Structures are given as C-alpha cells and as structure tokens.
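J.: Sharing a structure with you now.
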Amino acid sequence: MYISGQWREAISGKRFEVTNPATSEVIDTVADGGEADTLAAIHAADAAAAGWAGRTAFERSEILHKAYDLMVQRKEHLARTMTMEQGKPLRAARIEVQYAADFLRWFAEEAKRVSGQVLPAPRQDQRFLVLRQPVGVVGAITPWNYPVSMLTRKMGPALAAGCTVVLKPAEATPLCAIETYKVLIDAGVPPGVINLVTAADPQPVGRLLVEDPRVRKLTFTGSTAVGRRLAAGAGQHMKRISLELGGHAPFIVFKDADPVHAAKGAAAVKFLNAGQACISPNRMFVHQDAHAPFTDELVSRVIRLRAGNGLADGIGVGPLIDERALAKVDAQVKDALSKGAQLLCGGHRMMDNGLDAGTFYSPTVLSGVTTDMLIYREETFGPIAAVVTYDDDDDVIGMANDTNYGLAAYVYTNNTAQAMRAFEALKFGIVGINDINPTAAAAPFGGVKDSGLGREGGSQGIDEYLDVKLGGFAI
Ligand code: NAD
C-alpha cells in the first residue's frame, strides 16, 4: 500500500495472493488492507489537500505531463503486468496503457482551463464572482477489467482539479494499481496526495470511504449492484458521487447496412478483453435480410480467434477473470440453448492444449436469441455474441431500449437519416454509428439509467471533481 508518501505493509501484517487467470499460478502477494489502513490513508489525503489545492494549475499540469511521458516509457512493463494479472492479450494491454496515459495528458491540459465567471448582479453596488474549487479528498474504487485506464480516468482529473485521492483497486488487479502509482510518484506527485489501499475484502474500505466525512467525493467503476449500494451510502452522507456501472449494449444492423462490414466490427468489438467490457455489445439485433451474410462473416472470424495465454504471440482472446465469471457465461449459454437458440460456434469451456489450467471460454456465436433468455436481459461479460433477428426497422430501437442499462449502443446503417434518428432515439450515453470504438480521453464517457451517473474524460470529466462557489461582493 502507499500511504502518506510511504510504501507500507498492512497494519494487520496480512497479505493476499494475486493469480494469473491464464495459468492459475500465484504471481505475487500484496498487502491486505483494512479499516485502520484506510483511516491512515484518508488522514494522509486530508492533510495533503490544502497544499495540493494551493499549487498552481501549471505545477499540477507539469506533473501530469511527466506522468504521461513515464507511463508511455513504461508501456511494455505495465502491459506485461496487466496480461499476467488480468489475462488480456499483450497487444490489447499495450493499447490500454496508451489509453490510460492519454487521460493523464488530457487532464494535464484541462488543469489549466479551470476558470470561473464574473456574472451580472441585480444591484448596482453588487458584484458576483464564481469560483470552481477542488472538492477535496476523493475516494476511488476501480474494477479489474481495465486495471490501469480506469485509474487514470479518475486520478487524472482529480489531480488536475487539485483533489487528493484514496484509491482501492479491484482485488484481482492490485499489481497494475501499484505500477500506476509508481508512475505518478516518479512524476512528482507529492506525499499524501495519492494513497493506495489494496484489500482482499472491499467492504471495510468501501464503508469508510462512504462514511468518513473527510472524503467529499466517491468515484466508482464496477457493477450496478455495488454502485447502487455506494450511491445509497453517499446519499446518506451527502457526498458527491460518480458511477460508471454495467452495460447491456445493443448492436443494431439495419436492413440497409453492409452486413459484412458490420460483422467485421462485431467480431472486433465483441471479443475485446474476452467480452469483459462494460461497452461490449450484448445483444446483436440483425435485420432478417442481413442475417445470413452477417452471421457467416461473424462466425468465419470468430473461429479464427486464438485463445490462450496473452503473453504468447497471435492470441486474440485471453481467459475470463475467474471461475465465477466463467460459470455465469456458461449458465447464460446453456439457458439460451435450452430455450431454442442455435449454437453457431463455441459454447464450452476450453480444456485442451493446457487451457484447462486457466479460465478460458470458447468464443461463441448464438443465433435465434429471444426475449425470454437470460442473455437477452443480463450483462454477459464474456465472449458470447448473441444474435437476435428482427424484421421491422421501426421496432428495433424500442427493442434496443428495452433494458435498464444505458451505457453504449452501436448502429450500422448506410442511411444518414436512419443514423441520425437512431442516434437521437437510443437511450444510451454513448452511440457508435458505424464505429466500434466511440471512446477517447477527449470524449465524455458514461451512461444513463442503471449504467450510472456522471461522465469521465472529455471537458466534462474534471467537473466531477470541482465544486462551484459563488461570491457576492457589496462594494
Ligand atoms: P464489482 O462491482 O464487483 O467490483 C468493482 C470494484 O468494487 C472492485 O474494486 C471491488 O473490490 C469493489 N467492491 C465490490 N464490492 C464492494 C463493496 N461492497 N464496497 C465497496 N467496494 C466494493 O465489479 P467487477 O466485477 O469488478 O467489474 C465488472 C463490472 O464493472 C461490470 O458490471 C462492468 O460493466 C462494470 N464496468 C463499468 C465500466 C464503466 O465505465 N461503466 C468500466 C468497467 C467495468
């Protein structure tokens, strides 16, 4: 753990194991923090808050620019750590590290653009001034699926705004958090400004981040169930909160779309990170006229994906994070097949060629998916492409919106009017139009409905870490 500028063991002296999901080998152990460690971290962040907020935006920006450079220099090391700890193929891990670094650079720039306002006042002897000030200590809780970029997407804007941070990373991926902290520390972030509590049990740490009055803001990325609990606590303690939660993205292939082009996009985006992404397409709505060419192309690409240890060359799909994730995916596939879905490829745990040591599920395409199936309703978080056939373009937006989630949606069409109508009508925070990667540090990321509150990245991302203060001056 890193608290008050020191690398430390847990006060209890306990440590927990970190395993490689591709091999089930223990690759390291890390400090197992608890309440006392969290309190020490909150104390350190609180003590450092005024000093950090008092630095000029230019100084904070300079440190973040240095952190960007260092993260890019250490890309290979960070990517290897990520592949071993989280499982994604090395190539994808490198892309994530660059994406993570991009948030540091973007918010290094945004740090210098936090300006206030002078407003017209109703009285002649009155002046109004609006300041934007750092909220103070931020409690951050992050997931394992993007174990570096989810940190910088929160810490970049928090540090740029002048906030201090206590971070609790996911228990599956503490090593990526430790390496990210080393980058920030070596870039010159002062002691106390960023604090790291690793823990096998998230609950005591999470409870204190919610309840301690010195923490003024919570930022969370993870499941909707946990986010809902944290939001209830934040409400109780009147704390600001931003939440990036689950998704259930529709991927619509309209009648007029090029089905082969759409299938290429579907194959590329669905199997990224073995489907363990909140913006992963979970329901592919394909017009019946496009169904055969779409599924033929999709299956021909999916069967060529090689699963394996992400450190090896040519691997397209890594393992799922753990047995629980694998069981959930398998249950959704079995449920769909029992209710009449057709298995076009995959559909089983992979046990051959040494893959039985890890948690691998074969890249799968299901067709004939219907509304009564679990996969139609629940986020999968695995390498399953679920194809739903529809016959009327007028109905499909309603079908896509028929979910409590609202993070990402994808649309394939060659008709501009169709694209615009879909963009406006889809109740999701992010819509990719013939585009499978509608994300970047410069763009606002976030959802509506059960997918969360607030935005990360873009010019909006820093607002989550700033309070607005009005000054009324009688002169
Ligand atoms: P999770 O909610 O179980 O865990 C996320 C984090 O919350 C981890 O750090 C975990 O330790 C912590 N946590 C768990 N229980 C807690 C508690 N009671 N109190 C405090 N902290 C607690 O989710 P996960 O399985 O790690 O991540 C997958 C989920 O995250 C998916 O639903 C996915 O869609 C979502 N996700 C969303 C985004 C986004 O930007 N919207 C990005 C990545 C992942």
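In this note's numbering, the protein residues as written are 1 to 475. C-beta atoms are modelled at their ideal positions from N, C-alpha and C, and glycine is treated no differently. Note that this is a predicted model, so its numbers are computed, not measured.
#1: If we count the other Cβ atoms within 10 Å of its Cβ and call it buried at 16 or more, is residue 306 buried or exposed?
#2: Applying the criterion that 16 or more other CB atoms from any shown protein chain within 10 Å of the CB defines a buried residue, is residue 287 buried or exposed?
#3: Using a threshold of 9 Å, state whether the C-beta atoms of residue 242 and residue 457 are closer than that.
#4: Using three-state DSSP, classify residue 430 as helix, strand or coil.
#5: Determine which residues share a DSSP beta bridge with residue 287 and list them.
#6: To the nearest angstrom, how far is the alpha carbon of residue 403 from that of residue 248?
#7: How far does the alpha helix (DSSP H) with residue 76 in it reach, from first residue to last?
#8: Tell me whether residue 74, by its Cβ, gets closer than 8 Å to a heavy atom of the ligand NAD.
#9: Taking C-alpha atoms, which residue in 276, 336 and 327 lies nearest to residue 476?
#10: With burial defined as no fewer than 16 other Cβ atoms inside 10 Å of the residue's Cβ, what is the status of residue 392: buried or exposed?
#11: Here's the rule I'm using: 16 or more other beta-carbon atoms within 10 Å means buried, otherwise exposed. How should residue 22 be labelled?
#12: DSSP three-state label for residue 273, please.
#13: Between the C-alpha atoms of residue 28 and residue 1, what's the straight-line distance to the nearest angstrom?
#14: Is it right to say residue 168 is buried, meaning 16 or more other beta carbons lie within 10 angstroms of its own, or is it exposed?
#15: Does the ligand NAD have even one heavy atom less than 8 Å from the beta-carbon of residue 278?
#16: What's the call for residue 418, buried or exposed, on a 16-neighbour Cβ count within 10 Å?
#17: Can you tell me the Cα-Cα spacing of residue 351 and residue 337, whole angstroms?
#18: Per DSSP, which residues does residue 465 bridge with? Please list them.
#19: So does the segment 57-66 actually touch the segment 223-232, counting three or more Cβ pairs closer than 8 Å?
#20: Counting only runs that start and end within the segment 232-268, where is the beta strand (DSSP E) found for 3 or more residues in a row?
#21: Compute every distance between the C-beta of residue 38 and the non-hydrogen atoms of the ligand NAD, then say whether any falls below 8 Å.
#22: Between the alpha carbons of residue 177 and residue 407, how many angstroms are there, rounded?
#23: First and last residue of the beta strand (DSSP E) that includes residue 194?
#24: Quick one: grab the DSSP three-state call for residue 157.
#25: For residue 96, does the three-state DSSP call read helix, strand or coil?
#26: Using three-state DSSP, classify residue 282 as helix, strand or coil.
#27: Check for me: the alpha helix (DSSP H) holding residue 46 runs from which residue to which?
#28: Quickly, what does DSSP pair residue 345 with across the bridge? List them, please.
#29: Any idea what DSSP makes of residue 7, helix, strand or coil?
#30: Would you say residue 381 touches the ligand SAM, meaning its beta carbon is less than 8 Å from a heavy atom?
#31: Tell me the residue span of the alpha helix (DSSP H) that contains residue 210.
#32: Quick check: does the Cβ of residue 411 come within less than 8 Å of any heavy atom belonging to the ligand NAD?
#33: Are there 16 or more other CB atoms within 10 angstroms of the CB of residue 238, so buried, or fewer, so exposed?
#34: Let's test the definition: count the other Cβ atoms within 10 Å of the Cβ of residue 459 and tell me whether it reaches 16, buried, or not, exposed.
#35: Under the criterion of a Cβ to heavy atom distance below 8 Å, does residue 361 qualify as lining the ligand NAD?
#36: So if DSSP puts residue 452 in a beta bridge, which residue, or which two residues, is it bridged to?
T.: Quick look at the numbers:
#1: exposed
#2: So residue 287 ends up on the buried side.
#3: no
#4: strand
#5: Answer is 390.
#6: 7 Å
#7: 75-86
#8: Outside the cutoff, so no.
#9: The structure shown does not extend to residue 476, since the chain spans only 1 to 475, so no value can be given for it.
#10: Residue 392 should be labelled exposed.
#11: buried
#12: Three-state DSSP puts residue 273 in a helix.
#13: 14 Å
#14: buried
#15: yes
#16: buried
#17: 21 Å
#18: Answer is none; residue 465 lacks a bridge partner.
#19: no
#20: 240-244 and 249-253
#21: no
#22: Cα to Cα, residue 177 sits roughly 25 Å from residue 407.
#23: 194-196
#24: helix
#25: helix
#26: strand
#27: 35-54
#28: 365
#29: strand
#30: The model depicted lacks the ligand SAM and carries the ligand NAD instead.
#31: Per DSSP, residue 210 is one residue of the alpha helix (DSSP H) stretching across 202-211.
#32: Checking the Cβ of residue 411 against the ligand NAD gives no.
#33: That one is exposed.
#34: exposed
#35: no
#36: 244
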